[in-house]
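Colleague: Just passing along the structure, written as structure tokens.
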Amino acid sequence: MDNKRLTEILETLSRGSMSIDEALGQLRDLPFSDLGFAMVDHHRVVRKGYPEVIFCQGKTEEQVVEIAKTQIDHEETVFGTRANEAVLQAVADSIDGVAIDRLGLCFWKKSAHWRPRDKVIGTIVVCTAGTADLRVSLEAQRTLEILGHPCKALSDVGVAGIHRLFAHREVLEKAAAVIAVAGMEGALPSVIAGYVSCPVIAVPTSVGYGSHLGGMVPLFAMLNSCSTGLSVVNIDNGFGAACAAAAINDLGGRCISCNGKVPD
């Protein structure tokens, strides 16, 4: 249940078109539903502006489907990450109208109340060093889509062919924020952060050869970057990078100190 739906219930109650018992019936599972194995947080959309996201890794197909159906019953947008093929197939078989990105390991179903963010600074650019990093990049892109933020993807623009990156100079210069996804030695985020004025969020990936240490090498490289304005998330965490970029981009339309409204 999002802020819009909550407002509709309260306004209907205020007009007398709904009884207190009916309103309580619709709000009974706020702030969470206890499924025994999971407590689905329906209050998160009120606090954060978007519903709880299902991290599917380590969950059974049945658990993921039940969580998703509970969210749908509460008129929430459903979004799952790190879903393996068995989970994706179970979701596809159980939920009508669900969208799936098999490479990005994601699925989603937008609620009738979903809307794109109407007040943002601009477009978030997601740069991917190599095609092998695309899974993590797609997780970030799908997350931005669900959060309602405009996104543009630049793929295979790593430092082994740096001219490919600078062919997109205008796009980079106009970005509200950049997510830079890279494995191997992890150099791409430092290059971008040294070029653009907007915040850059670096995502190290687990793509690389033996001494790459499963993503530790690019993680350390990004953490030790001399480029300013660069933040780093955990290995393969495209979701976390997208949430951070959305929070940056949303500053054009939200102000916590003024109850969500930008002062005149």
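The numbering used here runs 486 ahead of the 1-based position in the sequence shown. Glycine included, every Cβ here is placed at the ideal spot set by N, Cα and C. Since we're looking at a predicted model, the values are computed, not measured.
Is DSSP giving Val693 helix, strand or coil here?
Modeller: In the sequence shown, residue 693 corresponds to position 207, counting from 1. Residue state, collapsed to three classes: coil.
Colleague: Let me check understanding here. Comparing Cα to Cα, which of Glu659, Val667, Val606, Val703 lies closest to Ala615?
Modeller: Along the sequence shown, read from residue 1 onward, the residue named residue 615 stands at position 129. Among Glu659, Val667, Val606, Val703, the Cα nearest to that of Ala615 belongs to Val667.
Colleague: How many angstroms separate the CA atom of Phe652 from the CA atom of Glu497?
Modeller: To locate residue 652, count along the sequence shown from 1; it is residue 166. To locate residue 497, count along the sequence shown from 1; it is residue 11. When rounded, the distance between both Cα atoms is 52 Å.
Colleague: In whole angstroms, give me the CA-to-CA distance for Met504 and His529.
Modeller: Counting from 1 along the sequence shown, the entry for residue 504 is found at position 18. Counting from 1 along the sequence shown, the entry for residue 529 is found at position 43. Taking the straight line joining both Cα atoms gives about 22 Å.
Colleague: Between which residues of its own chain and Asp722 is the CB-CB distance below 7 Å, once the five residues before and five after are set aside?
Modeller: Along the sequence shown, read from residue 1 onward, the residue named residue 722 stands at position 236. Closer than 7 Å at Cβ, skipping near neighbours: Val622, Thr691, Ser692, Gly701.
Colleague: Between Gly726 and Gly502, what straight-line distance do the alpha-carbon atoms span, to the nearest angstrom?
Modeller: As a working note, residue 726 is residue 240 in the sequence shown. As a working note, residue 502 is residue 16 in the sequence shown. Rounded to the nearest angstrom, the two C-alpha atoms are 43 Å apart.
Colleague: Quick check on this structure: which residue in Thr546, Cys613, Val689, Ile632 has the alpha carbon closest to the alpha carbon of Ile586?
Modeller: Translated into the one-based positions of the sequence shown, residue 586 becomes position 100. When only C-alpha atoms are compared, the closest one is Ile632.
Colleague: Since Thr556 contacts Leu521 with CB under 8 Å, what's their CB separation in whole angstroms?
Modeller: Residue mapping note: residue 556 aligns to position 70 of the sequence shown, counting from 1. Residue mapping note: residue 521 aligns to position 35 of the sequence shown, counting from 1. Yes, they are in contact, since the Cβ atoms of Thr556 and Leu521 sit about 7 Å apart, within 8 Å.
Colleague: Between Leu705, Asn710, Val686, Cys613, which lies nearest to Ala733 when the distance is taken from Cα to Cα?
Modeller: The sequence position of residue 733 within the sequence shown is 247, counting from 1. Per the Cα distances, Val686.
Colleague: So, under 8 Å CB-CB, Val612 and Ile665 are touching, yes? Tell me the CB distance rounded to an integer number of Å.
Modeller: The count along the sequence shown starts at 1 and reaches residue 612 at position 126. The count along the sequence shown starts at 1 and reaches residue 665 at position 179. Yes, Val612 and Ile665 are in contact; Cβ-Cβ is about 5 Å, under 8 Å.
Colleague: Quick one: is Val720 buried, meaning 16 or more other Cβ sit within 10 Å of its Cβ, or exposed?
Modeller: Translated into the one-based positions of the sequence shown, residue 720 becomes position 234. The sequence given here places Asn at residue 720; Val does not occur at that position. With fewer than 16 Cβ atoms within 10 Å of its Cβ, Asn720 is classed as exposed.
Colleague: Closer than 8 Å is the cut-off here; do at least three beta carbon pairs connect the segment 572-579 with the segment 535-553?
Modeller: yes
Colleague: Exposed or buried, which one is Phe706 when buried takes at least 16 other CB atoms within 10 Å?
Modeller: To locate residue 706, count along the sequence shown from 1; it is residue 220. Under the 10 Å beta carbon count, Phe706 is surrounded by fewer than 16 other beta carbons and is classified as exposed.
Colleague: How about Arg603 and His635: do their beta carbons lie closer than 8 Å?
Modeller: The residue given as residue 603 occupies position 117 in the sequence shown. The residue given as residue 635 occupies position 149 in the sequence shown. Closer than 8 Å, so yes.
Colleague: Just the Cα atoms here: how many angstroms apart are Val577 and Arg601?
Modeller: For the purposes of this step, residue 577 is taken as the residue at position 91 of the sequence shown. For the purposes of this step, residue 601 is taken as the residue at position 115 of the sequence shown. Going by the C-alpha atoms only, they are around 23 Å apart.
Colleague: Could you give the residue range of the beta strand (DSSP E) that holds Gly566?
Modeller: As a working mapping, residue 566 is identified with position 80 in the sequence shown. Start and end: 564-567.
Colleague: Compare the C-alpha of Glu625 against each of Ala509, Ala673, Gly566, Arg533 and name the closest.
Modeller: By one-based count along the sequence shown, residue 625 stands at place 139. Nearest of Ala509, Ala673, Gly566, Arg533 to Glu625, Cα basis: Gly566.
Colleague: Along the chain, where does the beta strand (DSSP E) containing Ala454 start, and where does it finish?
Modeller: Residue 454 is absent from the structure shown; the chain starts at 487 and stops at 750.
Colleague: On the CB-based measure, 16 or more other CB atoms within 10 Å of its CB, does Gly746 come out buried or exposed?
Modeller: By one-based count along the sequence shown, residue 746 stands at place 260. Interpretation of Gly746 is limited by its pLDDT of 40, a score under 50 that renders its predicted location unreliable; the figure taken from the coordinates is listed afterwards. Gly746 comes out exposed.
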